[in-house]
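I have placed the structure first, in the form of structure tokens, so that the comments after it can refer back to it.
Protein chains: 2
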Amino acid sequence: MSRMFNPPHPGETLREDILPALGLTVTEAAEQLGVARPSLSRVLNGRAAISPEMALRLEQWLGVENGGRADLWLAEQASYDLWQARRSFKPKIKPAIAAAKNTTAA
Amino acid sequence: MSRMFNPPHPGETLREDILPALGLTVTEAAEQLGVARPSLSRVLNGRAAISPEMALRLEQWLGVENGGRADLWLAEQASYDLWQARRSFKPKIKPAIAAAKNTTAA
DNA sequence: GAAATGTGTAACGTATCAGAGTACAGTTTT
DNA sequence: AAAACTGTACTCTGATACGTTACACATTTC
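So the sequence lines, in the order shown, correspond to chains S and U.
For any residue, its number in the numbering used here is found by taking its place in the first sequence, counting from 1, and adding 109.
For any residue, its number in the numbering used here is found by taking its place in the second sequence, counting from 1, and adding 109.
Now the structure itself:
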């Protein structure tokens, strides 16, 4: 299942795999992507998320046929976000089934 | 492919399927979920997204064994967000391959 | 018909976040 | 040494989730 490991921030993949494969510096990549260098740097180091817009940039930049599908980038990000949320947010909610069985009770 | 139809906002599913199946009003659902009624209403009517926290609330409320998996709610939301982003955001970016072939040129 | 309940939504405040721009310190490359 | 690259902090703008409050409208119940 997808819940057993700490999913990497997608920026990590970008920094460790994509950029080296393309032989590009952060500065060059930011220029080609049309974003500010600090903005890309934050993504690469996990300080900012892959936004839908950034995912579209990556898709057009890398090409859908080269593993650059926007939905995959967003899925990775969502996986990461959910993992983080599970660590810091513990809702205490009565299951709807149980709640339904106790409509009159409190 | 997942790009051929307009994906519904996950709140729509919640409003049209889940709540009726449980026989709950919006007010009751909001109470059980531990969120304000206007907040849930915004989600149900597509005015607000399913946040990671909200996804966790739904998961604990509905139960993972009842189609309430947080990752599925988030995936639906991401699908919706991406679709919307494709409509309003058209990045003009030179593909990295082409850019690599023209490192010297401008 | 009046009261209660449910609903959508607007308005406002708070917190958070993406992104641009700027600046600076530290490192690597030339 | 000089130039380039990098991470990061700071500020500003715009957007968003959420709470609270308030309002208008509808539906239900007495």
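A virtual CB, placed ideally from N, CA and C, is assigned to each residue, including glycine.
None of the values given here were measured: they were computed from a predicted structure.
Indicate whether at least one CB of chain U lies closer than 8 Å to the CB of residue i.
| i | result |
| --- | --- |
| G176/S | no |
| F198/S | yes |
| P204/S | yes |
Count the other C-beta atoms from every protein chain shown that fall within 10 angstroms of the C-beta of residue i, then say buried if there are 16 or more, exposed otherwise.
| i | result |
| --- | --- |
| D126/U | exposed |
| P129/S | exposed |
| A145/U | exposed |
| K210/U | For K210/U, the predicted structure reports a pLDDT of 48, less than 50, and the residue's modelled location is therefore unreliable. A value from the coordinates is still provided. Classification for K210/U: exposed. |
| S188/U | buried |
What do you reckon, are the CB atoms on residue i and residue j nearer than 8 Å?
| i | j | result |
| --- | --- | --- |
| I159/S | Q141/S | no |
| L123/S | P161/U | no |
| L167/U | G155/U | no |
| G143/U | P204/S | no |
| L183/U | A157/U | no |
| G120/S | V152/S | yes |
| I206/S | G172/U | yes |
I want to see whether chain S comes within less than 8 Å of residue i, judged by CB atoms only; does it?
| i | result |
| --- | --- |
| L142/U | yes |
| L181/U | no |
Just by C-beta distance, which residues in the region 145-166 of chain S are closer than 9 Å to chain U?
S160, P161, E162, A164, L165 and R166
Members of the region 119-140 of chain U that neighbour chain S once the beta carbon cut-off is set at 8 Å
L131, G132 and L133
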